[in-house]
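Read the structure below first, then the notes.
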Amino acid sequence: MLFLSDSHSDFIGNMRFLRDAILREEPSAEIIGVFKPSLSARRPLRDALRVPWLIATSSIIILDDFYPLIYRFRIRSGARLVQIWHAAGAFKQVGHSRAGLPGGPTPGSEIHRNYTDAVVSSSGIVDDYAEAFGIPSEQVHPWGMPRSDVFFDAQAVARTRARVRRELGVAEGERFVVYAPTFRGNGQRSATAAPDADWAGIASALGDGWRIGVRQHPFVARDELPAGVVDAAAVADMNDLLMASDVLVTDYSSSIFEFALLRRPVVFFVPDLDEYEAARSFYRPFDHYAIGPVVRSADALADGIRGATVDGVRLDAFLNEFADALDGRSSARIARELMGTRVVEPTS
Numbered sequence: 001m002l003f004l005s006d007s008h009s010d011f012i013g014n015m016r017f018l019r020d021a022i023l024r025e026e027p028s029a030e031i032i033g034v035f036k037p038s039l040s041a042r043r044p045l046r047d048a049l050r051v052p053w054l055i056a057t058s059s060i061i062i063l064d065d066f067y068p069l070i071y072r073f074r075i076r077s078g079a080r081l082v083q084i085w086h087a088a089g090a091f092k093q094v095g096h097s098r099a100g101l102p103g104g105p106t107p108g109s110e111i112h113r114n115y116t117d118a119v120v121s122s123s124g125i126v127d128d129y130a131e132a133f134g135i136p137s138e139q140v141h142p143w144g145m146p147r148s149d150v151f152f153d154a155q156a157v158a159r160t161r162a163r164v165r166r167e168l169g170v171a172e173g174e175r176f177v178v179y180a181p182t183f184r185g186n187g188q189r190s191a192t193a194a195p196d197a198d199w200a201g202i203a204s205a206l207g208d209g210w211r212i213g214v215r216q217h218p219f220v221a222r223d224e225l226p227a228g229v230v231d232a233a234a235v236a237d238m239n240d241l242l243m244a245s246d247v248l249v250t251d252y253s254s255s256i257f258e259f260a261l262l263r264r265p266v267v268f269f270v271p272d273l274d275e276y277e278a279a280r281s282f283y284r285p286f287d288h289y290a291i292g293p294v295v296r297s298a299d300a301l302a303d304g305i306r307g308a309t310v311d312g313v314r315l316d317a318f319l320n321e322f323a324d325a326l327d328g329r330s331s332a333r334i335a336r337e338l339m340g341t342r343v344v345e346p347t348s
């Protein structure tokens, strides 16, 4: 079984959880991973020579993101090319959903179209990803998202929360607010930072008992932060950071879908909403995703954070639409399907 990524340099996130589940199912399974940290990073000569051969000879190939090298290949009969996309839900349009738009594929492009299978987080978004990948809906499976499994282990969440807060210097009893936006631009090579705010001023307005952390998207260079503001980019795993957070401030990031599993408040800081929506576009109207306060001005952020609550009814509807296959058993379900054993059906 071959795992490929041009977005990270090791088994992380979905790939790590799925690899571990496969090895629990079949300890003797042969698993090969070939990675490089970014699209722009040079591929080592050894990998440049062996990856085409591995693609041609592997029975199962796993991707978790855009992987340009593979789209020129016809997948041999009986083999499977499986996309376990790196984001839950369906928020920003991707792939062929953006055909003809800036940064989208050109007419006739073959990107994504050779997947034999794609795995998504909910039955409610199957058609969205079929459109994005240019494949029939029957090849898109709502089997879940491997890395989401840990959110259903209360003890693991509590341990991670305590560890990350300790590492970041967040005191017990402090409410920890994390600003974690997505990037601006059309992709990894053109990414720029999201709008910033006066985080020191916002921390002062919130007062004692609050701490703020900032984590720009990994595609974007880290800026120096004001004294007293936590550099949350020091936490490599975004899910670990979500578990440590009491309030998430974000914009158009798919992290909202996993954070929703924690049933904690989220604030949408979107001063550039009109421009972003016109340039990038969403699968649903933006209000459909807004399960917390929508703040258009940095001046209103402190009040938005302080007043953020969870609307349980709206949150349940949101999770039912975008995450109905997330139940703590995604990794096992996908592993068993790929290994040809019994599939664990999502719980309703």
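Heads up: the sequence shown at position 57 corresponds to 57 in the numbering used here, and the numbers run straight through without jumps.
Idealized CB from N, CA, C, for every residue including glycine.
1. Using C-beta distances below 7 angstroms, list every residue in its chain close to residue 161, excluding the 5 sequence neighbours before and after it, in chain order.
2. Roughly how many angstroms lie between the CA atoms of residue 138 and residue 95, to the nearest whole one?
3. Ignoring anything shorter than 4 residues or poking outside the segment 300-343, list the alpha helix (DSSP H) runs there in chain order.
4. Could you compute how far the alpha carbon of residue 167 sits from the alpha carbon of residue 231?
5. Since residue 129 sits in a beta bridge, which residues does DSSP pair it with?
6. So residue 263 and residue 247 are supposed to be a Cβ contact under 8 angstroms. How far apart are they, rounded?
7. Evaluate the contact criterion for the segment 135-152 versus the segment 111-122: three or more CB pairs, one atom per stretch, below 8 angstroms.
8. With a threshold of 16 other CB atoms inside 10 Å of the CB of residue 53, please say whether the residue is buried or exposed.
9. Check each candidate in 26, 68, 18 and name the one with the smallest Cα separation from residue 5.
10. Since residue 60 and residue 82 are thought to touch, with beta carbons under 8 angstroms apart, how far apart are those beta carbons, to the nearest angstrom?
11. Is the Cβ-Cβ distance between residue 71 and residue 14 less than 8 angstroms?
12. Which value, in whole angstroms, describes the spacing of the CA atoms of residue 97 and residue 131?
13. Check for me: the alpha helix (DSSP H) holding residue 155 runs from which residue to which?
14. Looking only at C-alpha atoms, which of 155, 204, 212, 164 sits nearest to residue 175?
15. If you drop the 5 nearest sequence neighbours on each side, which residues of the same chain put their C-beta closer than 6 angstroms to that of residue 99?
16. Please go through the same chain and pick out, in chain order, the residues whose beta-carbon is closer than 6 angstroms to the beta-carbon of residue 389, but skip the five residues on each side of it.
17. Is the distance from the Cβ of residue 91 to the Cβ of residue 252 below 8 angstroms?
18. Where does residue 313 land, buried or exposed, given buried means 16+ other C-beta within 10 angstroms?
19. So for residue 289, helix, strand or coil by DSSP?
20. Identify whether residue 280 lies in helix, strand or coil by the three-state DSSP scheme.
21. Which residue from 31, 49, 157 puts its Cα closest to that of residue 328?
22. I need the boundaries of the alpha helix (DSSP H) containing residue 256, first residue and last residue.
23. So, is residue 334 buried or exposed, given that buried needs 16 or more other C-beta atoms within 10 angstroms?
24. According to DSSP, is residue 86 part of a helix, a strand, or is it coil?
25. Using three-state DSSP, classify residue 147 as helix, strand or coil.
26. Out of 288, 34, 250, state which residue places its alpha-carbon closest to the alpha-carbon of residue 271.
27. Give the secondary structure of residue 96 by DSSP, where H, G and I count as helix, E and B as strand, and everything else as coil.
28. Helix or strand or just coil, what does DSSP make of residue 75?
29. Look at residue 332 and residue 21 and say whether their C-beta atoms are less than 8 angstroms apart.
30. Is the beta carbon of residue 300 closer than 8 angstroms to that of residue 355?
Reading it off the structure:
1. If we look at residue 161 and ignore the five residues flanking it on each side, its Cβ neighbours are 243, 244.
2. Between residue 138 and residue 95, the C-alpha separation is close to 18 angstroms.
3. Entirely contained in the segment 300-343, the alpha helix (DSSP H) runs reaching 4 residues are, in chain order, 301-306, 312-322, 330-339.
4. Using only the alpha carbons, I get a separation of about 11 angstroms.
5. BP columns for residue 129 are empty, so no partner.
6. Between residue 263 and residue 247 a beta carbon distance of about 12 angstroms is seen, past the 8 angstroms cut, so the two are scored as non-contacting.
7. With the cut-off at 8 angstroms, the segment 135-152 and the segment 111-122 touch.
8. Its Cβ having fewer than 16 others within 10 Å, residue 53 is exposed.
9. A check of alpha carbon separations from residue 5 across 26, 68, 18 identifies 68 as the nearest.
10. Indeed, because the Cβ distance is near 7 angstroms, the residues count as touching under 8 angstroms.
11. Taking 8 angstroms as the Cβ cut-off, residue 71 and residue 14 do not qualify as a contacting pair.
12. Rounded to the nearest angstrom, the two C-alpha atoms are 6 angstroms apart.
13. Note, residue 155: alpha helix (DSSP H), 154-168.
14. Answer by Cα proximity: 212.
15. Excluding sequence neighbours, residue 99 sits near 105.
16. Beyond the ends of the chain as shown, which are 1 and 348, falls residue 389; an answer cannot be given.
17. Yes, the Cβ-Cβ distance between residue 91 and residue 252 is below 8 angstroms.
18. Counting Cβ neighbours within 10 Å, residue 313 comes out exposed, since fewer than 16 surround it.
19. In the structure shown, the three-state DSSP call for residue 289 is coil.
20. Of the three classes helix, strand and coil, the one that applies to residue 280 here is coil, per DSSP.
21. Closest by alpha carbon: 157.
22. That run of the alpha helix (DSSP H) goes 255-260.
23. Its Cβ being crowded by 16 or more others within 10 Å, residue 334 is buried.
24. Residue 86 falls in the coil class under three-state DSSP.
25. Residue 147 carries a helical assignment under DSSP once its states are collapsed to helix, strand and coil.
26. Residue nearest to residue 271 within the set 288, 34, 250 is 250 (criterion: CA-CA distance).
27. DSSP places residue 96 in the helix class (H, G or I) of the three-state scheme.
28. Coil.
29. A contact, by the Cβ cut-off of 8 angstroms.
30. The structure shown does not extend to residue 355, since the chain is modelled only from 1 to 348, so the question has no answer here.
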